[in-house]
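For reference, the structure is listed below as structure tokens.
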Amino acid sequence: MDITILGIESSCDDTSAAVLRNNVLLSNVIASQAVHVKYGGVIPELASRAHQQNIVPVVDTALREAGVAASEIDAIAFTRGPGLVGSLLVGVSFAKGLSIARNIPLVEVNHLQGHILSHFIDLPDRRLPHPDFPFLALLVSGGHTQIVRVDSPLEMEIIGTTIDDAAGEAFDKCAKVMGLPYPGGPVIDRLAKEGDPEAFRFARPRIEGLDYSFSGLKTSFLYTLRDRVAENPDFIEQRKADLCASLQHTVVTILLDKLVKASKQTGIRDIAIAGGVSANSGLRDGIVAEGRKRGWRTFLPEFKFTTDNAAMIAMAGCHRYRAGQFSSLDVAPEARLGEL
Ligand code: KG4
Ligand code: ZN
Numbered sequence: 004m005d006i007t008i009l010g011i012e013s014s015c016d017d018t019s020a021a022v023l024r025n026n027v028l029l030s031n032v033i034a035s036q037a038v039h040v041k042y043g044g045v046i047p048e049l050a051s052r053a054h055q056q057n058i059v060p061v062v063d064t065a066l067r068e069a070g071v072a073a074s075e076i077d078a079i080a081f082t083r084g085p086g087l088v089g090s091l092l093v094g095v096s097f098a099k100g101l102s103i104a105r106n107i108p109l110v111e112v113n114h115l116q117g118h119i120l121s122h123f124i125d126l127p128d129r130r131l132p133h134p135d136f137p138f139l140a141l142l143v144s145g146g147h148t149q150i151v152r153v154d155s156p157l158e159m160e161i162i163g164t165t166i167d168d169a170a171g172e173a174f175d176k177c178a179k180v181m182g183l184p185y186p187g188g189p190v191i192d193r194l195a196k197e198g199d200p201e202a203f204r205f206a207r208p209r210i211e212g213l214d215y216s217f218s219g220l221k222t223s224f225l226y227t228l229r230d231r232v233a234e235n236p237d238f239i240e241q242r243k244a245d246l247c248a249s250l251q252h253t254v255v256t257i258l259l260d261k262l263v264k265a266s267k268q269t270g271i272r273d274i275a276i277a278g279g280v281s282a283n284s285g286l287r288d289g290i291v292a293e294g295r296k297r298g299w300r301t302f303l304p305e306f307k308f309t310t311d312n313a314a315m316i317a318m319a320g321c322h323r324y325r326a327g328q329f330s331s332l333d334v335a336p337e338a339r340l341g342e343l
């Protein structure tokens with residue numbers, strides 16, 4: 004039987020709605036919030052206000068683009084967490100309202116599971132490559148850096164996680180001290196293409212097991228800037244591309260190091276990446292090269308599924324719907340929904 008799911012994502016600063024029929028994406032509309040750029044980061048109060056303004060037109064557009072009437076929706080999937088509570092609340096409340104109005108089930112989704120399950124979406128004209136179970140997912144976003152063992156769409160286990168900053172956070176914070184606009188990740192990616200990745204050496208963590216750490220890298224980046232700017236006030240401007248290339252190279256090396264270890268430990272060789280930082284060209288190239296060397300099958304998400312989107316929420320919702328995992332009307336948003 005065909006299942007048509009409306010997905011809603013509002014965990015951070017993108018308001019998104021998508022319509023999915025089984026695995027096939029019929030529409031995926033994202034309203035990004037420009038309001039945060041001038042503050043150099045997401046301001047939670049402004050984010051929830053913008054979600055309130057965006058949510059109705061975004062859902063309307065998603066239904067129209069899909070050519071689907073509200074009466075054809077079988078269930079509504081929404082992000083319950085993790086994320087900003089005020090932002091999540093807008094999506095959760097909207098989902099509840101629609102669930103009551105149309106008398107259809109509510110399906111809550113963990114945002115992080117959504118990122119991982121984006122690898123199972125197909126496009127109307129094209130089947131995309133899907134990993135086989137079990138696979139390892141490197142989930143890298145602004146708030147999370149995790150290695151996840153995925154045994155089925157509903158069974159996932161975090162086997163490595165950052166003990167301090169996330170990879171995206173490392174990019175964003177280092178970009179900020181160089182005076183680059185928010186979010187810094189994509190800007191660093193672009194500038195890095197012109198620079199020498201070996202120009203500077205920054206600290207790499209030495210921690211046991213599969214966990215990550217990026218705070219040492221951030222501190223050593225900061226000290227390098229401080230010392231060199233003291234000698235030459237134009238240092239950042241003159242060496243921006245080399246700084247970006249060296250920073251990106253270090254982040255990618257740190258990420259791959261533990262991923263290789265995780266693959267060796269588990270014997271799993273289907274490796275996927277997901278989350279905002281999976282758009283990074285250094286990481287994408289690095290993982291493909293490593294995969295060739297080690298006999299992995301590597302799965303890179305389409306760019307439109309790397310950053311926050313409702314398509315992945317609808318996809319995860321579809322799996323929960325099939326398993327009969329529905330939510331009640333008293334479900335509340337959760338800022339921290341750490342365990343998968
Ligand atoms: O998954 P996402 O959209 O939101 C969270 O759930 O955090 O990820 C946003 C993060 C930001 O830190 C942003 O700088 C980073 O993804 N990012 C990138 C790139 N595109 C987005 N980082 C490095 N290179 C990129 N091309
Ligand atoms: Zn995300």
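Numbering of the sequence shown is given in our numbering, commencing with residue 4 and proceeding in unit increments.
All C-beta atoms, glycine included, are put in the ideal place defined by N, C-alpha and C.
Quick caveat: nothing in here was measured; it's all calculated off a predicted structure.
- Between the ligand ZN and the CB of D168, the shortest heavy atom gap is not smaller than 6 Å.
- Counting only residues of its own chain and dropping the five nearest sequence neighbours on each side, C321 has a CB closer than 8 Å to the CB of I6, I8, L23, N25, N26, A80.
- Counting along the chain, Q149 sits inside the beta strand (DSSP E) bounded by residues 148 to 155.
- For the options L142, A169, P304, the alpha carbon positioned closest to that of I161 is the one of L142.
- The C-beta distance from D125 to L66 rounds to 20 Å, too long to meet the 8 Å contact threshold.
- When DSSP states are grouped into helix, strand and coil, G84 belongs to the strand group.
- By the Cβ criterion, the segment 55 to 75 is not in contact with the segment 279 to 297, since fewer than three pairs of Cβ atoms, one from each stretch, lie closer than 8 Å.
- Between the C-alpha atoms of D135 and D273 there is a straight-line separation of about 7 Å.
- A residue is called buried once 16 or more other Cβ atoms fall within 10 Å of its Cβ, and T82 is buried on that count.
- Taken in chain order, the complete alpha helix (DSSP H) segments of 4 residues or longer contained in the segment 41 to 69 are 47 to 69.
- Between I239 and G182 a beta carbon distance of about 7 Å is seen, short of the 8 Å cut, so the two are scored as contacting.
- Around V71, the same chain offers T7, V22, L29 as residues with beta carbons nearer than 7 Å, after the five sequence neighbours per side are excluded.
- Relative to the Cα of G94, the nearest Cα in the group S144, V61, S281 belongs to V61.
- With a beta-carbon spacing of about 4 Å, A173 and F217 fall inside the 8 Å limit used to define contacts.
- Within its own chain, the residues whose Cβ lies closer than 6 Å to the Cβ of L259, once the five positions on either side in sequence are excluded, are G289, E293, listed in chain order.
- Separation of K196 and L246 (C-alpha to C-alpha, rounded to the nearest whole angstrom) is 11 Å.
- The alpha-carbon separation between T309 and H118 amounts to approximately 8 Å.
- In the structure shown, L109 falls within a strand segment according to DSSP collapsed to helix, strand and coil.
- Sequence-distant Cβ neighbours of A244 in its own chain, meaning closer than 6 Å and more than five residues away, are L194, E197, G198.
- Put simply, the backbone Cα of H252 is about 7 Å away from that of G285.
- Taken atom to atom, the span from the alpha-carbon of F205 to that of S249 is near 8 Å.
- Checking the 6 Å criterion, the Cβ of T310 is within range of a heavy atom belonging to the ligand KG4.
- Set against 6 Å, the gap from the CB of S13 to the closest heavy atom of the ligand ZN is not smaller.
- The beta-carbon distance between Y185 and G44, rounded to whole angstroms, is 6 Å. This is short enough to meet the 8 Å contact definition.
- Judged by the Cβ position, S35 fails to qualify as a neighbour of the ligand ZN at the 6 Å threshold, every heavy atom of the ligand being at least this far.
- If the five residues before and after V38 are omitted, its C-beta is found closer than 7 Å to the C-beta atoms of L49, A53, all from its own chain and listed in chain order.
- Residue nearest to A69 within the set R207, N31, S330 is N31 (criterion: CA-CA distance).
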